[in-house]
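All remarks here apply to the structure that follows.
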Amino acid sequence: MTTGAPPYTNALRPRITIKTVDGADTLYTYDSFLGSNPINVGYCDMESAVSENGTFNITIQDHNNLIPKDNIHNVKVFLELGKTDTSYQFFLIGFGDIFSVDRPQTNSQIYNLTGFGSALRAYELFIHRRETYKRDESDAKVYNIIDNALTKRKWRPLKTNDESIQDITGWSRDGISTKVNTPFTRLDKPFVYFGDLCDELCDMTGAVWFIDCSTGSEIFTLSYNPDLQTNVVLKSGDLADRVNDNPDRISYIKSAFRVEDNATREAGTATRLFTTTVSDEVKVFEIEPTVGKTSLTYRAIAQQVVIDNDQRRIEAIELSLSKKGEPTSPNDRINGDICLDNANKPTGNVLDEWHVDLGSIKHNPEKIRIPVDIKAKDLDVAQSKIWIRIFQRSNGNDVNGDPDGNSDPNHSTQHEVYWHHNNVFSTVQPYYSATAPVGDSDNKSSLVWAATNQGPMYRLSVYSNIRRIFSRTNKKAANRIRLREQFIPTDFLDDPSDVTRYLSLSLSQTSKGRRGIADFRVTVPDNFLFRAYQWVNFSDGLSDISDTLQVQRARYVCGTSQGDAQLGTRQAELTLSGLYNTLVGACTCV
6 MTTGAPPYTN ALRPRITIKT VDGADTLYTY DSFLGSNPIN VGYCDMESAV
56 SENGTFNITI QDHNNLIPKD NIHNVKVFLE LGKTDTSYQF FLIGFGDIFS
106 VDRPQTNSQI YNLTGFGSAL RAYELFIHRR ETYKRDESDA KVYNIIDNAL
156 TKRKWRPLKT NDESIQDITG WSRDGISTKV NTPFTRLDKP FVYFGDLCDE
206 LCDMTGAVWF IDCSTGSEIF TLSYNPDLQT NVVLKSGDLA DRVNDNPDRI
256 SYIKSAFRVE DNATREAGTA TRLFTTTVSD EVKVFEIEPT VGKTSLTYRA
306 IAQQVVIDND QRRIEAIELS LSKKGEPTSP NDRINGDICL DNANKPTGNV
356 LDEWHVDLGS IKHNPEKIRI PVDIKAKDLD VAQSKIWIRI FQRSNGNDVN
406 GDPDGNSDPN HSTQHEVYWH HNNVFSTVQP YYSATAPVGD SDNKSSLVWA
456 ATNQGPMYRL SVYSNIRRIF SRTNKKAANR IRLREQFIPT DFLDDPSDVT
506 RYLSLSLSQT SKGRRGIADF RVTVPDNFLF RAYQWVNFSD GLSDISDTLQ
556 VQRARYVCGT SQGDAQLGTR QAELTLSGLY NTLVGACTCV
């Protein structure tokens, strides 16, 4: 077999099968190799492209008005191409959503059917799921997240009363690669299209997803680019050897072409990336569990807390409190504040003050949420130690003439408030705690605190608004093609390690220029079809350019020509691209 004789030189001819929208019943089949067909197709084109769903256009002639038009509305279409009637290969499966009738002449009627590849279904169906994973959990791996989103009913808005996306689409999960095992720890996707979830996770991992139709079934595929490498070689005409070239592997360039290396901003080139993250009400510190308790009667209690630099915008705390008895006055409350650390004692400057009404404290321990307002500038830029202090219970009897009328101590042991702790004593603890006798909040500046790291530690949580800035720089690339800065959004990521990984992955791509070859025509090897996402080898003899590039777009236009009344094409229209690494002078498959 050679590239200078059939079947290599045969035209690719289409077979088009039109089915009901559920794919269950066949309405019409057009086979270019048959002399007679139930419908007369005058033209068709089909295309697949990276990050797109695929498209097709079909022209059907019905000059005698014999075809029921409803049979061409909202249909599922299977498109195949082959050089012989036994070598058909599926190229695209999709849905004909656009139908129009043309009347170019008095006795002429043409139907135009336009549709999109079945990957479109991923952007029509919702998932509705919130999950938090540990990094070492199997379910945290990206391939498992996508697999669960595809196959489980509980990931759908109506949960068990709904069908899974796999049930609705019929997609097989056999193309999901377990190599895409990057952990993703927090998923917050209410009413998000399945396709958008896949896009985000693939952006974070560097993987790609698409619907593989090559077997005639629809297989959901998740893969890394190196696994999509083919052995097909595209040759310029000066390298053609029609006798010895393998017809199953070799493709010849048939048109003029232009290889362009583009390292401009418009091509997305950048050697330093920035991003910021904003996380509201993040729990940044916690002490638990609750085992023991200490009364606030005749005492104040304080617990040390350590806050990192990016956690300094504190907006709320939670304390585990309980009480005995009932308030004697509607003004009964406990007062508290947050102050800076002073040599592991709670005697620094006060940052914020608060109080809790006794009516909101239950007899059993519960977390009481208390809003506070501490600005980042109030704390050190490095790691900060602060204290949360609670003072002796007070009531509304203003016997000492206090201006607020709510700070006079109440020492009744029948009406006590407790702060719960871990009940660990005489053992070194990570953080200090302290108590002070009497504990009157009006005299807080004169209280004598006894601090210890021997326990107990009092149960609490601290919540912050976190603002972070991240950056990554490729210094070698910056030295070669200049320092170029770009900001990229990462609002779909919460975990800082996920943000860092995504930034590094993005930089590995943006720090390289783009090598592209747009809109050129090639022959098609035997038993092969060019499809989006494939990686092929490109070789030009005169320019001495030899590289591995990705098929960004593959298009087939089937028509008739003088001397060939059958529908077909002898070429594919391609666009190729890759990331051109100037350090090695070649493209990389990442």
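Just so you know, the sequence shown maps onto residues 6 to 595 in our numbering.
Glycine included, every Cβ here is placed at the ideal spot set by N, Cα and C.
Just so you know, these numbers come straight off a predicted model, no measurement behind them.
Legend entry - Cβ pair G122, G99 closer than 7 angstroms: yes
Legend entry - Cα-Cα separation, G410 to N336: Residue placement at G410 cannot be trusted, given a pLDDT of 44 that sits under 50; the coordinates are not used to answer.
Legend entry - Straight-line gap, I493 to F131 (C-alpha atoms, nearest Å): 26 angstroms
Inset, instruction - Taking all protein chains shown into account, decide if M6 is buried (16 or more other Cβ within 10 angstroms of its Cβ) or exposed. - result: exposed
Legend entry - M462 versus K350 - alpha carbon distance: 14 angstroms
Inset, instruction - Scan the segment 122-175 and note each continuous alpha helix (DSSP H) run of 4 residues or more that stays entirely inside, going in chain order. - result: 147-156, 170-174
Legend entry - Pairwise C-alpha distance: K139 and D342: 34 angstroms
Legend entry - First through last residue of the beta strand (DSSP E) which encompasses K480: Element bounds for K480: not the beta strand (DSSP E) but the alpha helix (DSSP H), 480-486.
Legend entry - For P442, the nearest candidate out of A456, Y436, F189 (CA to CA): A456
Legend entry - Residues of its chain near R20, where Cβ-Cβ distance is below 6 angstroms and the 5 sequence neighbours each way are ignored: D36, E85, Y93
Legend entry - Closest Cα partner of V237 within the set R270, R254, I391, R126: R254
Inset, instruction - May I ask you to report which of helix, strand or coil DSSP gives L17? - result: strand
Legend entry - Inter-residue spacing [alpha-carbon to alpha-carbon] between C563 and R18: 7 angstroms
Inset, instruction - Assign E205 to one of three DSSP states: helix, strand, or coil. - result: helix
Legend entry - Local conformation of S219 per DSSP, three classes: coil
Inset, instruction - Pick out whichever of A154, E371, N267, L326 has its Cα sitting closest to the Cα of E136. - result: A154
Inset, instruction - Using alpha carbons as the reference points, say which of H78, P11, N230, I224 lies closest to K184. - result: N230
Inset, instruction - Rounded to whole angstroms, what's the CA-CA distance from T269 to R489? Just pull it up for me. - result: 10 angstroms
Legend entry - Beta-bridge partners of A559, as assigned by DSSP: S53, L579
Legend entry - Neighbourhood of N58 by C-beta distance below 6 angstroms, restricted to the same chain and skipping five residues each side: F121, G122, A124, L125
Inset, instruction - Look at Q576 and K259 and say whether their C-beta atoms are less than 7 angstroms apart. - result: yes
Inset, instruction - Quick one: give me the first and last residue of the alpha helix (DSSP H) that D503 is part of. - result: 501-515
Inset, instruction - Evaluate K194 with the Cβ neighbour count: other Cβ atoms within 10 Å of its Cβ, from every protein chain shown; 16 or more gives buried, anything less gives exposed. - result: buried
Legend entry - Identity of the residue in T440, V433, S431 nearest S300 by Cα: T440
Legend entry - Among A261, R560, Y303, E320, the one whose alpha carbon lies nearest that of V289: E320
Legend entry - 8 angstroms contact criterion, which V310 and I379 should meet: CB distance rounded: Their Cβ separation, rounded to whole angstroms, is 11 angstroms, which puts V310 and I379 out of contact at 8 angstroms.
Legend entry - Same chain, Cβ closer than 7 angstroms to L97, five either side skipped, listed in chain order: M51, S53, G59, F61, L84, G122, C218
Legend entry - Proximity to T235 [Cα-Cα], best of L572, R520, L584, D552: D552
Inset, instruction - Let me know the secondary structure DSSP gives S446 once reduced to three states. - result: helix
Inset, instruction - Report yes if the CB atom of A16 is closer than 7 angstroms to the CB atom of G521, and no otherwise. - result: no
Inset, instruction - Would you check if the distance between the CB atom of I181 and the CB atom of L239 is smaller than 7 angstroms? - result: no
Legend entry - Neighbourhood of I103 by C-beta, 6 angstroms cutoff - its chain only, sequence neighbours within 5 removed: T119
Inset, instruction - List the endpoints of the continuous beta strand (DSSP E) containing W359. - result: 355-362
Legend entry - contact_flag[the segment 276-287, the segment 496-505] where n(CB pairs < 8 angstroms) is 3 or more: yes
Legend entry - Any 3 or more C-beta pairs closer than 8 angstroms across the segment 104-117 and the segment 66-79: yes
Inset, instruction - Note the first and the last residue of the continuous beta strand (DSSP E) segment covering P195. - result: 191-198
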